[in-house]
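Taking the UniProt record's numbering, the leading residue of the sequence shown gets 1, the next gets one more, and so forth. Cβ atoms here follow ideal geometry from the backbone N, Cα and C, with glycine treated the same way. The structure displayed is predicted, hence computed values, not measured ones.
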Amino acid sequence: MKKFTQGTIMTGSILHARSCHHYWQGEERLSIKTFFSGRVFYAAGGGIHAVDPQSYLVLNYGQPYTIAIDSASPVESFCLFFDPGLAEEVYHSMTSKPERLLALPEPPARSAIHFFERIYPHDDLLTPALLQLRTAVMLCPLEHDWLNEQFHSIMQRLLQVHFNVWREVEMLPAVRAATREEIYRRLYRAKDYADALFDTPLTLHELADVAALSPNHFLRTFKQAFRQTPYQYIVSKRVERAQVLLLHSDLSVTDICFSVGFESLGSFSWLFRRRVGLSPDRFRRQGRS
1 MKKFTQGTIM TGSILHARSC HHYWQGEERL SIKTFFSGRV FYAAGGGIHA
51 VDPQSYLVLN YGQPYTIAID SASPVESFCL FFDPGLAEEV YHSMTSKPER
101 LLALPEPPAR SAIHFFERIY PHDDLLTPAL LQLRTAVMLC PLEHDWLNEQ
151 FHSIMQRLLQ VHFNVWREVE MLPAVRAATR EEIYRRLYRA KDYADALFDT
201 PLTLHELADV AALSPNHFLR TFKQAFRQTP YQYIVSKRVE RAQVLLLHSD
251 LSVTDICFSV GFESLGSFSW LFRRRVGLSP DRFRRQGRS
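In structure tokens, the structure reads:
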């Protein structure tokens, strides 16, 4: 059964729902997508993003996307939608001097703030406010004035996350700021794609196509940004997932090998030992003891 809670205020609304199967396609307002159970796939901007309980996704106003939920058990979603203009209003308040705010309370006409559409790991900046709001939604009816304040506060935190991301962008080796920004967006589109589909066969050319870069340019810039090659990154994701399955499932080592995307048991065992320091069997025995 779905539970839908929507504020009738001007700053935003909340979708809090549980569903095993859901598909939707369209455009929305600026939004934060969180899920507290399951793994949900979004297709947006030429990429694929997988949101799980350890992460959240930010999508911009007017971005077409599709969402697909297909789970044996209910998936809990908690998504915030911000009305147009709120990000710009809060940004104006955060970045303008007091005397300018006195003379110009409303933000001047300017292009909309364009957030980086990517998967973000839960953090100590935005996540606590999201958790507090989710708890309030679950426990009691919400006063509109209180909810209005929460949307302003969460937008401040989201903008601080955005400022932190810009520091990462500035570290990329490109002369023009606009070039660094575009490279960052494309690299993260490919990285999120790899995160979502790490357990399937992925090639350098496929990831480069997602990033809309040549394979060599993608390989070089990915390594510069993330300190490892795309192949090394995918292997790390597969080994991390294999560790979870070894400790928390009864699947055989062979079944785990193929379920996380490795093509042979020999390569899986060798790479697992190289990264973890133990064979898969020994890791399972020690972990369960």
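Simplified DSSP state of residue i, which is helix, strand or coil
i: S236; result: helix
i: Y188; result: helix
i: E143; result: coil
i: E106; result: coil
i: E76; result: strand
i: S93; result: helix
i: T11; result: coil
i: L126; result: coil
i: L101; result: helix
i: residue 300; result: Residue 300 lies beyond the residue range present for the chain, which begins at 1 and ends at 289; the question has no answer from this structure.
i: F82; result: strand
i: T179; result: helix
i: F4; result: Bear in mind that the predicted position of F4 carries a pLDDT of just 40, short of 50, making it too unreliable to give a figure here.
i: T135; result: helix
is_contact[residue i, chain B] using C-beta, thresh 8 Å
i: S93; result: Among the chains in the structure shown there is no chain B, since it carries only a single protein chain.
Residue i versus residue j: straight-line alpha-carbon distance, rounded
i: R288; j: G266; result: 23 Å
i: K223; j: P108; result: 40 Å
i: E76; j: S269; result: 35 Å
i: E88; j: E143; result: 24 Å
i: Q25; j: P64; result: 7 Å
i: T95; j: E106; result: 13 Å
i: S31; j: S214; result: 31 Å
i: K237; j: N216; result: 22 Å
i: L130; j: D124; result: 11 Å
i: R285; j: L245; result: 13 Å
i: I9; j: E149; result: With a pLDDT of only 44 at I9, under 50, the local geometry of the prediction cannot be trusted, and no value is derived from it.
i: T11; j: S259; result: 44 Å
i: L197; j: A50; result: 8 Å
Burial state of residue i, where buried means 16 or more other Cβ atoms lie within 10 Å
i: C20; result: exposed
i: Q132; result: exposed
i: P173; result: exposed
i: T179; result: exposed
i: S252; result: exposed
i: P230; result: buried
i: Q243; result: buried
i: R282; result: exposed
Inset, instruction - Would you list, in sequence order, the uninterrupted beta strand (DSSP E) runs of no fewer than 3 residues that lie entirely inside the stretch 13-54? - result: Whole beta strand (DSSP E) segments, 3+ residues: 30-35, 40-44 and 47-51.
Legend entry - Meets three-Cβ-pair contact criterion under 8 Å: the stretch 47-63 and the stretch 94-102: no
Legend entry - alpha helix (DSSP H) runs wholly inside the stretch 209-289, at least 4 long, in chain order: Whole alpha helix (DSSP H) segments, 4+ residues: 215-226, 230-248, 253-259, 265-276 and 280-288.
Legend entry - the stretch 35-50 / the stretch 184-191 touching (three or more Cβ pairs under 8 Å): Yes, since at least three Cβ pairs between the stretch 35-50 and the stretch 184-191 fall closer than 8 Å, the two stretches touch.
Inset, instruction - For the stretch 69-83 and the stretch 110-129, state whether three or more C-beta atom pairs, one from each stretch, are separated by less than 8 Å. - result: Because the criterion of three Cβ pairs below 8 Å is not met, the stretch 69-83 and the stretch 110-129 do not touch.
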